[in-house]
Amino acid sequence: MFRTAVAIGGLLALYLVPSVARAAMTPQEAWEFVLSLNAGYGVTMESAARDEGPDELILHDVSYAMPLPGGTLEGSIGEIRLTRVEGGDILFEMSAQHMMRLQVVADDQSPPLVADVLMETPGLSISLAGTPDDALIDYFAPAITLSLDGIESGANRLPLQAVVDLEGLEMTYRVAGEGPTAVARETITDGTIAAAGFVVSLAKPGGDGQFDAEGAFVEIGFSGSGASGQQPVDLAETTLPELLRQGFESDLSLSHTGSDLSFSLVDGTANAAGHVTSDNGRLDLSLSQAGLRYAGATEAIAASFESSELPMPPVSAQAEALEFSVGLPVQKSDTPEDVDILVDVAELSLADPIWQMLDPMGVLPREPASLVIDMAAKANWFGDILEEPEAIGAIGPEAGEIHALDVRRIRLRAAGADLTGAGSFTFDNKTPSPFGPGPKPVGHAQLRLDGAEALLQNLTRMGLLPQQQAMMAQMMLGMFGRTVEGEDAVTSEIEITPDGGILANGQRVQ
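Under mature numbering (1 follows the signal peptide of the UniProt record, and there is no 0), residues -23 to -1, 1 to 487 are what the sequence shown spells out, in order.
Written out as structure tokens, the structure reads:
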């Protein structure tokens, strides 16, 4: 996947790479540099003919080919024009549209999948300044459209149609460093997109089904940076783990001020539909030798869903905010490294039809629910998870070791009850846990539960919790918790001792 992304970046360099043009460069020299840079991504480019002048180079029928895992991406641009303008900058112009063909080979027994995509860039404007060692582009596109009309495999055709539209793209791109490959450089990207949208449509073969989806985002912002102090390398032949070991770093941030996504599905007599909207949102991604960080947040999210196959009316929910972040090491290590996880769901509320189905008598309080999980840890992998991605799905003693866990905050508030907690634990990886698979833990946690008595009574009134089980739950609360005088609340301090014992408020329970 990384090589695919880098290769596509190489193709985009066809639009962006003029940033390497020097003020003293001729258009011919600039084009030779473009060819050299793209070769570093594994992209080959050829022109059928050219017209040359002192300050201008016009290339006709420029074809390109890019190797991808399991396939290729090929295309042909009718005309590319390089012009040196007053002040020595290089102006890049090209045909307003061209076709791209993606071919993917699934296996030796099946014909390749072929998708033809039309790319339209009317009014594209690129102004370039600087030298190959420190260059700057100003990039503006009033509109960019990518259109797909079906995917073919031999005599078979999948009637998939898709259109992606970008409006008002403005971007500055700075690249500094020596050598023809971007990994040897420091790059800074900053830009905005006024609006972006997509439409997808897929008809079921036979004509008795249809899937449609569309989405829109407004006021998109993006920024990114990358750096490596190593000598130039061939990105087409270099894996991501190798780049990280050489000091490669990358950061990416995306944001928007509003989104609207919807889908509909019809299959014979059955149908379903969904709709999701949100206000401000962001997504951050960083990758380096220090590890991977992935974080996102959105505000005022609302979702609805309906289906003819479900025995219920349309359902909907909304939340004031959603936030998540994950940080973890990606390389093999013998020493503990930082890990952190955050999940924060604020003020999640369900629409009345859901409550009428779950609690028709109105027994439970219907205040919005919230969930917070905020934890940090020290851990290490036994292998490189980018080279061995199956390690991610095999979390356990075979994948790596956990040395410490700091539960900074846990909170679950729902149905009138409110559970909060925090704690800290260490782990002895040389000694098996007495409680099951994994290393031996030692540590403590503090918990508080408000509204427990009222919740048990309400669940019993609703018939969801038999009286006998409610009494057992109350006994467990009495065993592990201390009642807060005058309040419907219990607190508890749970300790796991070095000898494998469990203490609740100082009393041994195991």
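C-beta atoms are modelled at their ideal positions from N, C-alpha and C, and glycine is treated no differently. Note that the structure is a prediction, hence the values are computed from the model and not measured.
Within its chain, find whatever has a CB closer than 6 Å to the CB of residue i; leave out the 5 residues flanking it on each side and keep chain order.
i	result
Ile(-16)	Annotation note: pLDDT 45 at Ile(-16) (below 50); position unreliable, coordinate value reported separately. Excluding residues within five positions, none has a Cβ falling inside 6 Å.
Phe188	Leu179, Leu242
Val320	Phe301, Ile350
Val177	Ala139, Ala190
Val486	Ile479
Val307	Gly268, Leu269, Ile362, Leu363
Gly198	Thr169, Ser232
Asp405	Pro416, Lys417
Leu221	Gln266
Gln208	Because Gln208 carries a pLDDT of 49, less than 50, the predicted location of this residue cannot be relied on, and the following value inherits that uncertainty. Nothing meets the Cβ criterion.
Arg27	Leu36
Met352	Ile318, Val384
How big is the Cα-Cα spacing for residue i and residue j?
i	j	result
Gly174	Asn248	24 Å
Thr275	Asp38	45 Å
Val292	Glu283	6 Å
Glu314	Gly184	55 Å
His380	Ala481	24 Å
Leu36	Ala7	12 Å
Leu436	Ser239	36 Å
Pro288	Leu441	20 Å
Pro409	Val253	46 Å
Glu97	Glu9	25 Å
Ala392	Glu430	12 Å
Pro119	Gln74	14 Å
Arg259	Met334	34 Å
Arg58	Arg134	37 Å
Asp32	Glu70	14 Å
Ile471	Gly339	35 Å
Thr3	Gly100	24 Å
Ser24	Glu56	9 Å
Thr216	Leu264	14 Å
Gln446	Ala298	35 Å
Val82	Phe457	60 Å
Ala279	Glu219	42 Å
Relative to the C-alpha of residue i, which residue among the options is closest?
i	options	result
Gly483	Ser469, Ala267, Ser87, Pro109	Ser469
Ala323	Asp315, Ile350, Gly339, Asn357	Ile350
Val91	Ser401, His75, Ala132	Ala132
Ser255	Val486, Gly235, Leu269, Thr49	Gly235
Leu305	Ser285, Leu335, Gly377	Gly377
Met43	Thr122, Leu79, Ala26	Leu79
Leu146	Phe117, Leu105, Arg134	Phe117
Gly203	Glu286, Thr216, Thr166	Thr166
Ser53	Met448, Val20, Val316, Ala429	Val20
residue 489	Ile278, Asp476, Glu196	Here the chain covers residues -23 to 487 and nothing more, so residue 489 does not appear.
Asp84	Gly48, Arg61, Pro119, Thr108	Gly48
Leu424	Met449, Ala431, Arg459, Val62	Arg459
Gly273	Glu286, Thr246, Val303, Gln266	Val303
Gly65	Gly420, Val340, Tyr271, Ala106	Ala106
Val467	Gly428, Arg134, Met77	Gly428
Gly201	Asp261, Gly154, Val94, Thr215	Asp261
Ile473	Leu433, Gln451, His421, Glu464	His421
Leu113	Val82, Asp93, Ile67, Ala447	Ile67
Ala354	Asp228, Ser401, Ala298	Ser401
Asn257	Asp465, Thr397, Ile103, Val195	Val195
Ile103	Leu341, Arg61, Leu95	Arg61
Who are the near neighbours of residue i in its chain, counting only those whose CB is closer than 7 Å to its CB and skipping five residues on each side?
i	result
Ser326	Ala294, Gln295, Pro345
Lys309	Trp358, Phe359, Gly360, Asp361
Arg343	Trp332
residue 492	Residue 492 is absent from the model: the chain starts at -23 and stops at 487.
Met453	none
Gln5	Glu29, Leu34
Ala153	Asp110, Asp111, Arg162, Glu163
So residue i and residue j are supposed to be a Cβ contact under 8 Å. How far apart are they, rounded?
i	j	result
Met148	Gly127	About 31 Å; that fails the 8 Å criterion.
residue 503	Arg390	Outside the shown range of the chain, which is -23 to 487, sits residue 503, and nothing can be said about it.
Ala193	Asp237	5 Å
Asp142	Gly186	So it is not a contact: roughly 26 Å between Cβ atoms.
Ser285	Gly251	Actually they do not touch by this definition, with Cβ atoms about 13 Å apart.
Pro89	Ser130	7 Å
Leu125	Leu137	7 Å
Ala394	Leu432	4 Å
Say yes only if the C-beta of residue i is nearer than 8 Å to one or more non-hydrogen atoms of the ligand FAD, and no if none qualify.
i	result
Thr164	Because no ligand of any kind appears in the structure shown, any question about the ligand FAD cannot be addressed here.
Only counting the same chain, and skipping five residues up and downstream in sequence, which positions put a Cβ closer than 8 Å to that of residue i?
i	result
Ser72	Ile54, Gly55, Glu56, Ile57
Query - Inside the region 62 to 137 only - alpha helix (DSSP H) runs reaching at least 4 residues - result: none
Query raised in the report: Which ranges does the beta strand (DSSP E) cover as unbroken runs of at least 3 residues, wholly within the region 251 to 307, from first to last along the chain?
Result: For secondary structure counted as the beta strand (DSSP E) over 3 or more consecutive residues, the region 251 to 307 holds these complete runs in sequence order: 258 to 265, 268 to 284, 292 to 305.
Query - Whole runs of the beta strand (DSSP E) within the region 359 to 445, excluding any shorter than 3 residues - result: 377 to 391, 394 to 409, 416 to 427
Query raised in the report: Counting only runs that start and end within the region 163 to 199, where is the alpha helix (DSSP H) found for 4 or more residues in a row?
Result: As far as the region 163 to 199 is concerned, it has no whole alpha helix (DSSP H) run of at least 4 residues.
Report task. Can you check the region 450 to 479 for any beta strand (DSSP E) of at least 3 residues that lies completely inside it and give the ranges in chain order? Result -> 466 to 473
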